[in-house]
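All remarks here apply to the structure that follows.
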Ligand code: 5GP
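Residue numbers (the numbering used here): 39 to 236.
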């Protein structure tokens with residue numbers, strides 16, 4: 039997706055050879071126009087699959103996920119990373135190791151929002167080693183729901199999360215694929231990769 043790649047080129051900061059900072063439009067300040075466009079692209083790519091809910095992980099997945107859900111006309115659920123006094127129902131949980139924070143969180147979704155009737159589209163900001171996506175998949179599976187696909191804004195193709203998820207048969211669509219990061223420089227793979235589920 040050209041507008042996203044352009045934004046990354048203009049505003050992204052490679053903090054190291056493995057971490058990209060995009061806090062001017064995604065991870066802190068949010069560009070709503072770009073998020074709206076992204077939501078429409080995901081909704082289009084996962085159209086006609088019978089998606090009943092969009093699921094993401096707080097907090098940076100929420101902005102693109104809300105526009106995806108709006109366009110698909112389905113609810114959005116964001117998994118919580120921290121326990122909350124108001125989140126006291128039956129919880130579906132999974133343990134997720136955070137790549138950027140280097141700590142483990144138990145993520146949770148209330149069982150009242152996901153059931154066997156649901157066919158879920160997962161959305162997240164980054165795909166690195168796949169821990170966040172795999173945690174969300176675990177929660178979806180615990181609910182008895184099924185997964186239509188996984189939409190990612192920025193996939194770091196030099197880390198193996200995308201490969202593992204695709205090998206398991208998930209349809210993963212990434213709008214910007216980064217093949218290499220080095221301080222001050224971002225290199226994209228030639229093509230956005232679109233895999234059909236097996
Ligand atoms: P994974 O679980 O696939 O290893 O990492 C994905 C999660 O870690 C995403 O939800 C995202 O929040 C965070 N993440 C991973 N790599 C990066 C990165 O290079 N930059 C930023 N800003 N977040 C990242």
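For glycine and all other residues, C-beta sits at the position ideal for the given N, C-alpha and C.
From a predicted model like this one, the values you see are computed outputs, not experimental measurements.
Quick check on residue 46: does DSSP put it in helix, strand or coil? helix
State yes or no: is the C-beta of residue 73 within less than 9 angstroms of the C-beta of residue 213? no
Sort out for me which residues DSSP pairs residue 185 with in a bridge. 158
Segments of 4+ residues assigned as alpha helix (DSSP H) that fall wholly inside the segment 80-161: 100-110
Residue 52 in three-state terms, based on DSSP: strand
Around the Cβ of residue 221, are there at least 16 other Cβ atoms within 10 angstroms (buried) or fewer (exposed)? exposed
What do you reckon, are the CB atoms on residue 93 and residue 115 nearer than 9 angstroms? yes
Residue 127 vs residue 148 beta-carbon contact at 9 angstroms: yes
Any non-hydrogen atom of ligand 1 closer than 8 angstroms to residue 58 Cβ: yes
From residue 155 to residue 207, what does the alpha carbon distance come to, in whole angstroms? 21 angstroms
Tell me, to the nearest whole angstrom, how far the beta carbon of residue 162 is from that of residue 171; I am working on the premise that it is less than 8 angstroms. 6 angstroms
Suppose you measure from the CA of residue 179 to the CA of residue 51; what does that come to, to the nearest Å? 36 angstroms
DSSP three-state call for residue 234: helix, strand or coil? Since pLDDT at residue 234 reaches only 44, below the 50 mark, its modelled position is unreliable, and the value read off the structure follows with that caveat. Coil, per DSSP.
Using the Cβ count rule (16 or more neighbours within 10 Å means buried), how would you classify residue 117? buried
Determine the burial state of residue 106: buried for a count of at least 16 other Cβ atoms within 10 Å of its Cβ, exposed for fewer. buried
Looking only at its chain, what residues have a beta carbon closer than 6 angstroms to the beta carbon of residue 144, apart from the 5 residues adjacent to it on each side? 131 and 133
On the three-state DSSP scale, how would you describe residue 219? strand
Over what stretch of residues does the alpha helix (DSSP H) that includes residue 171 continue unbroken? 169-180
Can you give the Cα-Cα distance for residue 48 and residue 75, rounded to whole angstroms? 18 angstroms
With DSSP as the reference, label residue 6 as helix, strand or coil. In the structure as shown, the chain begins at 39 and stops at 236. Residue 6 is therefore absent and cannot be evaluated.
Identify, in the order they occur along the chain, each residue of the same chain with its Cβ nearer than 7 angstroms to the Cβ of residue 112, setting aside the five sequence neighbours on each side. 89, 90, 91 and 92
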